[in-house]
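J.: Numbering (the working numbering), first residue to last: 6 to 465. Questions regarding the structure given below will be posed in turn.
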């Protein structure tokens with residue numbers, strides 16, 4: 006079940022909101038926990054047991070850290086090993102067997118072909134952050150297993166984030182304010198996210214699918230395709246994050262934003278302060294800083310960056326192209342920090358943004374490709390290394406068909422329109438009512454007749 010489905014919009018969401026608002030405050034976490042389990046089990050009834058194990062195991066680790074101070078390191082180590090072990094087994098075991106074990110030993114071990122549990126990368130990182138923060142003394146052990154289960158399984162951010170740290174909503178799990186203003190703000194945020202996903206990402210994603218699967222690509226066709234993916238993944242993922250944040254507001258939670266117009270970044274460093282903020286913050290807090298961060302020698306800092314970005318790429322998927330994508334950013338960030346920064350700062354803002362966007366688009370080729378061979382084939386087409394034409398009839402047709410949606414996506418990637426709308430809404434919140442209602446009905450019309458409604462981050 007995904008947020009941009011009629012099943013969710015017309016059945017699940019109204020049901021959970023109705024029950025949630027009817028029950029007394031003490032029962033609200035119970036309602037959210039049970040409905041979140043139903044939400045997850047709808048798509049994967051078998052893996053609900055895996056999630057329940059994760060909840061009970063990390064809940065127990067938190068209690069143990071509070072009770073057995075003398076064994077803190079052992080408890081933390083056991084927690085990290087079990088959490089990462091489960092993630093490795095379900096997400097990476099076939100990659101490890103096929104790419105590492107089988108090339109080294111005679112005969113081939115059979116691949117397990119396990120179905121990837123939806124959202125396991127997200128809820129595992131959330132549970133780990135809780136245990137680590139209790140170990141560090143930044144959070145108190147949660148004694149109520151339902152409250153902890155609600156934190157881990159909360160359906161708005163369960164399958165695609167943002168990765169919500171326990172310390173962010175620790176107090177909200179105990180008591181939160183539910184107001185008409187918060188519900189209205191949540192609805193606005195949800196519909197904006199739904200519109201990003203349904204009206205922009207879905208439509209422009211069809212252009213990427215066409216180009217990526219084509220047997221022949223001209224230079225212009227290849228660039229149109231990867232630009233389409235660049236916009237698709239942004240509006241798909243940021244739209245889903247907006248929907249999650251909006252749903253959270255409806256239930257009284259305040260999640261931190263996960264995207265801040267990353268395609269306006271003026272450097273690669275700036276891009277990663279704006280893209281998937283919760284993930285980059287997680288790796289910074291729990292991996293980069295413990296490794297020494299910037300407080301070490303230049304050579305050690307470079308190693309730290311390679312470790313962090315290699316893990317970041319691998320987190321996204323069990324494939325060498327994801328690892329390459331992560332290492333690509335490690336190289337860019339090192340070059341920026343040590344050589345380019347002083348020169349970039351002297352350039353006009355527009356040129357800085359063009360520099361950043363160019364390398365981000367190149368990076369998306371590795372991310373979107375099925376494997377490294379596919380990535381380099383596509384890069385060759387983009388730069389004319391395969392002897393392909395500059396322009397062909399496919400490129401001309403695609404430009405005519407998708408030019409308007411490409412322009413809309415480019416404009417919507419900049420904060421100008423949002424800033425102007427925010428000024429109006431600040432004067433009178435009801436100014437947004439009619440436009441938001443119109444956007445919602447447009448989304449419904451599209452969903453009623455469309456068969457193309459993918460969600461890219463189900464892969465992770």
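Ideal Cβ placement from N, Cα and C applies to all residues, glycine included.
Rank 276, 304, 309 by C-alpha distance to the C-alpha of residue 290 and give the top, closest one.
T.: As a first step, residue 290 must be located in the chain shown, where it is residue number 285. The residue with the shortest Cα to Cα distance from residue 290 is 309.
J.: Thinking C-alpha only, which one of 177, 139, 43, 16 is nearest residue 31?
T.: By one-based count along the chain shown, residue 31 stands at place 26. The shortest C-alpha separation from residue 31 is found at 177.
J.: May I ask you to verify whether the region 275 to 286 touches the region 154 to 168, counting CB pairs closer than 8 Å and requiring at least 3?
T.: yes
J.: Can you tell which of 336, 227, 243, 184 has its C-alpha closest to the C-alpha of residue 380?
T.: As a working mapping, residue 380 is identified with position 375 in the chain shown. Comparing Cα positions, the closest option is 227.
J.: Could you say if the region 324 to 335 and the region 361 to 378 meet the contact criterion of at least three C-beta pairs nearer than 8 Å?
T.: yes
J.: Tell whether a beta-carbon distance below 9 Å holds between residue 140 and residue 156.
T.: For the purposes of this step, residue 140 is taken as the residue at position 135 of the chain shown. For the purposes of this step, residue 156 is taken as the residue at position 151 of the chain shown. No. Outside cutoff.
J.: Distance check for residue 145 and residue 199, CA to CA, integer angstroms please.
T.: For the purposes of this step, residue 199 is identified with residue 194 of the chain shown, where counting begins at 1. For the purposes of this step, residue 145 is identified with residue 140 of the chain shown, where counting begins at 1. C-alpha separation (whole angstroms): 36 Å.
J.: Take residue 234 and list the residues in its own chain whose beta-carbon comes closer than 7 Å to its own, dropping the five residues that flank it on each side.
T.: Here the question's residue 234 lines up with position 229 in the chain shown. The answer, listed in chain order, is 213, 369, 373.
J.: Label residue 264 either buried or exposed according to how many other C-beta atoms from any shown protein chain fall within 10 Å of its C-beta, with 16 as the threshold for buried.
T.: Stepping through the chain shown from its first residue, residue 264 is reached at position 259. By the Cβ-count criterion, residue 264 is buried, with 16 or more other Cβ atoms from all chains shown falling within 10 Å of its own Cβ.
J.: For residue 156, name the three-state secondary structure that DSSP assigns.
T.: Position 151 of the chain shown, counting from 1, holds the residue named residue 156. Helix.
J.: Any idea what DSSP makes of residue 182, helix, strand or coil?
T.: Translated into the one-based positions of the chain shown, residue 182 becomes position 177. In the structure shown, residue 182 sits in coil (DSSP, three-state: anything other than H, G, I, E or B).
J.: Candidates 237, 195, 415, 257: which alpha carbon is nearest residue 269's?
T.: In the chain shown, the residue the question calls residue 269 occupies position 264. The shortest C-alpha separation from residue 269 is found at 415.
J.: Does the structure place the region 183 to 202 close enough to the region 240 to 258 that three or more beta carbon pairs sit under 8 Å?
T.: yes
J.: Can you name, in chain order, every residue of its own chain whose Cβ lies under 7 Å from the Cβ of residue 130, other than the five neighbours on each side?
T.: Within the chain shown, numbered from 1, the residue matching residue 130 stands at position 125. Only 168, 287 meet the Cβ criterion.
J.: Please list the terminal residues of the continuous alpha helix (DSSP H) segment that includes residue 414.
T.: To locate residue 414, count along the chain shown from 1; it is residue 409. Note, residue 414: alpha helix (DSSP H), 398 to 417.
J.: Which residue marks the beginning of the alpha helix (DSSP H) containing residue 285, and which one marks its end?
T.: Numbered from its first residue, the chain shown carries residue 285 at position 280. First-last of the alpha helix (DSSP H) with residue 285: 282 to 288.
J.: Roughly how many angstroms lie between the CA atoms of residue 346 and residue 339, to the nearest whole one?
T.: Sequence index remark: in the chain shown, residue 346 carries index 341 (1-based). Sequence index remark: in the chain shown, residue 339 carries index 334 (1-based). Distance between the alpha carbons of residue 346 and residue 339 is about 10 Å.
J.: Below 8 Å, can you find three or more Cβ-Cβ pairs linking the region 39 to 49 to the region 66 to 80?
T.: no
J.: Please report how far the alpha carbon of residue 301 lies from the alpha carbon of residue 318, in whole angstroms.
T.: Taking the first residue of the chain shown as position 1, residue 301 is located at position 296. Taking the first residue of the chain shown as position 1, residue 318 is located at position 313. Approximately 23 Å between the Cα atoms of the pair.
J.: Determine the closest residue to residue 375 out of 249, 388, 410, 326, with distance taken between C-alpha atoms.
T.: As a working note, residue 375 is residue 370 in the chain shown. The option with the nearest alpha carbon to residue 375 is 326.
J.: Would you tell me roughly how many angstroms separate the C-alpha atoms of residue 434 and residue 401, rounded to the nearest one?
T.: Start at 1 with the first residue of the chain shown, and residue 434 comes out as number 429. Start at 1 with the first residue of the chain shown, and residue 401 comes out as number 396. Taken atom to atom, the span from the alpha-carbon of residue 434 to that of residue 401 is near 43 Å.
J.: For the putative contact between residue 60 and residue 191, defined by C-beta atoms under 8 Å, what is the C-beta separation to the nearest angstrom?
T.: On the chain shown, position 55 is the one that residue 60 refers to. On the chain shown, position 186 is the one that residue 191 refers to. At roughly 25 Å, the Cβ-Cβ gap does not stay under 8 Å, so residue 60 and residue 191 are not in contact.
J.: Could you tell me the alpha carbon to alpha carbon distance between residue 453 and residue 16, rounded to whole angstroms?
T.: Reading the chain shown from its first residue, position 448 is the one you call residue 453. Reading the chain shown from its first residue, position 11 is the one you call residue 16. Each residue's Cα considered, the two are about 15 Å apart.
J.: Nearest to residue 175 by CA position, among 149, 185, 195, is which residue?
T.: Here residue 175 refers to the residue found at position 170 when the chain shown is read from its first residue. Among 149, 185, 195, the Cα nearest to that of residue 175 is on 149.
J.: Short of 7 Å in beta carbon distance, which residues of its chain neighbour residue 123, apart from the five on each side in sequence? Order them along the chain.
T.: Taking the chain shown and counting its residues from 1, one reaches residue 123 at position 118. Taken in chain order, the residues that qualify are 48, 49, 164, 463.
J.: Report the CB separation of residue 407 from residue 238 in whole angstroms; it is logged as a contact under 8 Å.
T.: Sequence index remark: in the chain shown, residue 407 carries index 402 (1-based). Sequence index remark: in the chain shown, residue 238 carries index 233 (1-based). Not really, about 16 Å apart at Cβ, beyond 8 Å.
J.: List the whole-angstrom C-beta distance separating residue 4 from residue 162, where the pair is believed to meet the contact cut-off of C-beta under 8 Å.
T.: With the chain covering 6 to 465 only, the question about residue 4 has no answer from this structure.
J.: In the structure shown, what three-state DSSP assignment does residue 395 receive?
T.: Sequence index remark: in the chain shown, residue 395 carries index 390 (1-based). Residue 395 falls in the coil class under three-state DSSP.
J.: Excluding five sequence neighbours on each side, which residues of the same chain lie with their C-beta closer than 7 Å to the C-beta of residue 364?
T.: For the purposes of this step, residue 364 is identified with residue 359 of the chain shown, where counting begins at 1. Taken in chain order, the residues that qualify are 273, 337.
J.: Report the three-state DSSP secondary structure of residue 6 (helix, strand or coil).
T.: The sequence position of residue 6 within the chain shown is 1, counting from 1. Residue 6 falls in the coil class under three-state DSSP.
J.: Among 88, 253, 102, 207, which residue has its Cα nearest to the Cα of residue 113?
T.: Start at 1 with the first residue of the chain shown, and residue 113 comes out as number 108. The option with the nearest alpha carbon to residue 113 is 102.
J.: In whole angstroms, what separates the C-alpha of residue 80 from that of residue 431?
T.: For the purposes of this step, residue 80 is identified with residue 75 of the chain shown, where counting begins at 1. For the purposes of this step, residue 431 is identified with residue 426 of the chain shown, where counting begins at 1. Each residue's alpha carbon lies about 49 Å from the other.
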